[in-house]
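Residue numbers (this note's numbering): 696 to 985.
Note that CB positions come from ideal geometry on N, CA and C, so glycine has one too.
Notes to accompany the following structure.
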């Protein structure tokens, strides 16, 4: 069996036991080796820390770059959004300005329209007033023309009274007691006034009877009896003409106690008026414009 030398044994022991190796190194190298070893360990630790710090600094730089990039991206987005908002705001302000302009234009148009309507209403009121005045004037003129035409027609009727009475009433020896061409007969007036004094007729009936257009007397051909005729004369026969002739003839009969015939003489007579006179017992005599 071979025997190892002391150095080999020492090396083997150092390999097998690190603590022994440290003791041998310290014994061999002394305290300086220990300090160098500690310094080397410190350097290694510093290198490790530095390496870790560099690694962390690199990570931090990359993170910072990413953050900066994200911030820049967001900033650009914000700037774009702000620009978009500003554009939208400007568009809205422009639209609002246009709406205001339209409103002002509408208000101006409405004002002009109201003025035009007011002027139109004023013109219409003036026109209505003018038309009303014209109608009134036309009514007045028509009334005067009707009065003139009626008076002319009454004159012509009285002028041809003998022929009319003879043809339609079979009367002769006619004498006008009241008419447009003749003064009222005084004898007839006294007889009517006496009847009022005796209470046979009223004062109102007396006045109303003398509103007859024509009163005349005549002799009947068949028995030569004297009769009185109460006549309403009109261009166009109406219901009022028929009723007035009937009522005034009754008053004349009461006042004179003489047979009295109610008559309406007219140029125009419709079928309804013709039938009404038959029911009322009034003679309607058509006499055309002569």
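CB contact flag (residue i, residue j, <9 Å)
i: residue 864; j: residue 979; result: no
i: residue 937; j: residue 959; result: yes
i: residue 909; j: residue 852; result: yes
i: residue 911; j: residue 854; result: no
i: residue 920; j: residue 954; result: yes
i: residue 883; j: residue 951; result: yes
i: residue 906; j: residue 939; result: yes
i: residue 720; j: residue 732; result: yes
i: residue 922; j: residue 913; result: yes
i: residue 848; j: residue 964; result: no
Buried/exposed call for residue i, threshold 16 Cβ in 10 Å
i: residue 904; result: buried
i: residue 764; result: exposed
i: residue 772; result: exposed
i: residue 748; result: exposed
i: residue 925; result: buried
i: residue 871; result: buried
i: residue 887; result: buried
i: residue 896; result: buried
i: residue 779; result: exposed
i: residue 860; result: buried
i: residue 890; result: buried
Contacts around residue i, its chain only, beta-carbon distance under 7 Å, and the 5 residues preceding and following it disregarded
i: residue 983; result: 962
i: residue 916; result: 865, 867
i: residue 834; result: Low confidence applies to residue 834: its pLDDT is 40, below 50, so where it sits in the model is not reliable, and the reading given next is rough at best. Same-chain partners within the cutoff: there are none.
i: residue 856; result: 869, 871, 911
i: residue 789; result: none
i: residue 967; result: none
i: residue 782; result: none
i: residue 713; result: none
Reduced DSSP category for residue i - H, G, I as helix; E, B as strand; rest coil
i: residue 949; result: helix
i: residue 856; result: helix
i: residue 896; result: coil
i: residue 738; result: helix
i: residue 957; result: strand
i: residue 989; result: In the structure displayed, the chain extends from 696 to 985; residue 989 sits before or after that span and is not available.
i: residue 840; result: Unreliable placement is indicated for residue 840, whose pLDDT of 45 sits below 50; no coordinate value is reported for it.
i: residue 925; result: strand
i: residue 962; result: strand
i: residue 647; result: As shown, the chain starts at 696 and ends at 985. That puts residue 647 outside it, with no answer to give.
i: residue 874; result: strand
i: residue 976; result: coil
i: residue 981; result: strand
i: residue 907; result: coil
Same chain, Cβ closer than 8 Å to residue i, five either side skipped, listed in chain order
i: residue 715; result: 708, 709
i: residue 948; result: 923, 954, 955
i: residue 846; result: 875
i: residue 817; result: none
i: residue 879; result: 872, 873, 905
Distance cut-off 8 Å: residue i Cβ against heavy atoms of the ligand ADP
i: residue 979; result: The model on display carries no ligand, and the ligand ADP is accordingly not part of it.
Next on the checklist: Any contact between the stretch 939–957 and the stretch 891–907? By contact I mean 3 or more CB pairs, one from each, below 8 Å.
Outcome noted: Yes: the two stretches touch, three or more of their Cβ pairs being nearer than 8 Å.
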